[in-house]
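J.: Residue numbers for the sequence shown follow our numbering, so the first one is 3 and each next one is one higher. Ideal Cβ positions, reconstructed from N, Cα and C, are used throughout, including at glycine. Because the structure is a prediction, the values reported are computed rather than measured. The structure that follows is given in the form of structure tokens.
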Amino acid sequence: MRSLLFVPADNERKLAKAAAAGADALALDLEDSVLPPRKPAARKMLAEYLAGYHGASQIWVRVNDLESGELLKDLAAAVPLAPAGILLPKIRGPEDLDTVSHYLDMAEAIHGVAAGTVGILTVSTETPSAVLRMPELLKVPRPRLKVLTWGAEDLSTALGAGDPRTPEGAWRPVYQHARTQCVLAAHALGIEALDTVHVDFRDAEGCRRSAETARHEGFTGKIAIHPDQVPVINAAFTPSAAELEFARRVVAAFEAGSGAVSLDGKMLDVPHLKSARRLLKAAGASAGGGADGR
Ligand code: COA
Ligand code: MG
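The structure is reproduced here in structure tokens:
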């Protein structure tokens with residue numbers, strides 16, 4: 003997914019606008035954008051919204067964390083609706099994913115939802131423990147785990163620290179570390195990596211820059227919090243015509259069968275060819291030339 007738009011599940015006006023935003027996926031939120039007294043109403047509105055939903059965006063539900071006392075009620079409300087998945091915040095380590103995966107096994111069985119239907123997208127950096135233990139995610143496969151994302155705000159709160167960004171807008175080193183761990187772990191697992199929110203939602207140019215930077219670092223998409231961010235993010239994660247054309251030229255340059263070639267005065271070898279093919283494949287575009295099996 004290129005874009006995942008957060009929508010507070012207790013807000014009728016935002017729910018009404020969500021499907022038209024053009025996001026690849028929606029994250030209907032039961033967690034931090036909904037105040038505790040509103041949680042029961044949010045669960046009810048979520049069910050009503052999805053009963054009449056015919057939009058094209060995939061549906062994810064952000065549930066409350068394992069220590070909140072709200073999670074089981076959230077799962078009881080969300081699983082019968084058979085969303086693509088739940089978004090699980092504030093994990094402390096892989097055992098939290100396993101616990102929630104068992105809860106999902108049970109909820110799917112109770113509600114007649116096919117086993118394994120509901121995926122998990124987890125925020126992998128909201129506690130210091132989750133950041134330090136990220137490599138443990140690689141030890142055993144977890145088929146429900148489809149996407150990793152990262153967040154700076156909750157980590158900053160856990161650290162008793164201030165603004166996670168420098169006055170110039172760059173991530174401070176501790177958050178840069180968390181972000182890097184997230185993107186590496188996602189690729190090591192062969193799953194998607196979503197970049198965190200650009201909180202200044204009126205700043206389209208800053209959102210575009212941060213999305214493009216994220217794409218160049220290996221993220222496959224980015225979270226949006228406002229409909230205006232969605233087209234900006236979708237564009238940043240869609241290869242441009244110039245990029246596709248260059249990728250086709252790279253593939254063509256290797257057709258003579260050599261392992262290292264020159265193009266526009268620069269050396270290209272097999273990693274460049276693989277990257278070009280990957281880009282063309284992801285874009286569903288033809289390489290426009292004969293494959294040589296590499
Ligand atoms: N999803 C769907 N619609 C949204 C939306 C969202 N995330 N954010 C704004 N809109 C709608 C508004 O309701 C408004 O439509 P309306 O006039 O029919 O009510 C329109 O888009 C323009 O909104 P705007 O006035 O520019 O913003 P706002 O002040 O209403 O809302 C936020 C700003 C940040 C509060 C809002 O974007 C939001 O709630 N975002 C999601 C927050 C969230 O889920 N955070 C947790 C994850 S980090
Ligand atoms: Mg949070």
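Is the number of C-beta pairs between the stretch 187-203 and the stretch 12-25 that are closer than 8 Å three or more?
T.: no
J.: Between the stretch 216-227 and the stretch 247-263, are three or more C-beta pairs nearer than 8 Å?
T.: no
J.: Assuming I227 is part of the alpha helix (DSSP H), what are its boundary residues?
T.: In the sequence shown, the residue the question calls residue 227 occupies position 225. Run containing I227: none; DSSP gives neither H nor E here.
J.: Can you tell me where the beta strand (DSSP E) with A195 in it begins and where it stops?
T.: Looking up residue 195 in the sequence shown gives position 193. Start and end: 194-197.
J.: For K141, name the three-state secondary structure that DSSP assigns.
T.: As a first step, residue 141 must be located in the sequence shown, where it is residue number 139. Looking at K141 - three-state DSSP - the assignment turns out to be coil, as it is neither helix nor strand.
J.: Determine the direct distance from the alpha carbon of W152 to that of T198, and round the result to whole angstroms.
T.: Numbered from its first residue, the sequence shown carries residue 198 at position 196. Numbered from its first residue, the sequence shown carries residue 152 at position 150. In a straight line, the C-alpha of T198 is about 6 Å away from that of W152.
J.: Sorted by chain position, which residues of the same chain lie with C-beta nearer than 8 Å to L48's C-beta, five sequence neighbours on each side aside?
T.: Taking the first residue of the sequence shown as position 1, residue 48 is located at position 46. Closer than 8 Å at Cβ, skipping near neighbours: A11, L30, L32, V63, A79, A80, L83.
J.: Measuring CB to CB, does G121 end up less than 8 Å from G95?
T.: As a working note, residue 121 is residue 119 in the sequence shown. As a working note, residue 95 is residue 93 in the sequence shown. In this structure, G95 does not lie closer than 8 Å to G121 by Cβ.
J.: Do K41 and E69 have their C-beta atoms within less than 8 Å of each other?
T.: By one-based count along the sequence shown, residue 41 stands at place 39. By one-based count along the sequence shown, residue 69 stands at place 67. No. Outside cutoff.
J.: Return the residue from the list V185, E97, V232, T182 that minimises the CA-CA distance to R210.
T.: Counting from one through the sequence shown, the residue named residue 210 turns up at place 208. Nearest in C-alpha terms to R210, of all of V185, E97, V232, T182, is V232.
J.: Using the rule of at least 16 other Cβ atoms within 10 Å of the residue's Cβ for burial, across every protein chain shown, is K92 buried or exposed?
T.: Stepping through the sequence shown from its first residue, residue 92 is reached at position 90. K92 comes out buried.
J.: Distance check for E170 and H113, CA to CA, integer angstroms please.
T.: Along the sequence shown, one-based indexing puts residue 113 at 111. Along the sequence shown, one-based indexing puts residue 170 at 168. Answer to the nearest angstrom: the Cα atoms are 50 Å apart.
J.: Helix, strand or coil for V120, going by three-state DSSP, please let me know.
T.: Locating residue 120 in the sequence shown gives position 118, where the first residue counts as 1. DSSP places V120 in coil when its eight states are reduced to three.
J.: Can you tell me whether DSSP reads G208 as helix, strand or coil?
T.: Position 206 of the sequence shown, counted from the start, is the residue given in the question as residue 208. Of the three classes helix, strand and coil, the one that applies to G208 here is helix, per DSSP.
J.: What residue range does the beta strand (DSSP E) around I88 cover?
T.: Here residue 88 refers to the residue found at position 86 when the sequence shown is read from its first residue. Secondary structure note for I88: its beta strand (DSSP E) is the uninterrupted segment 87-90.
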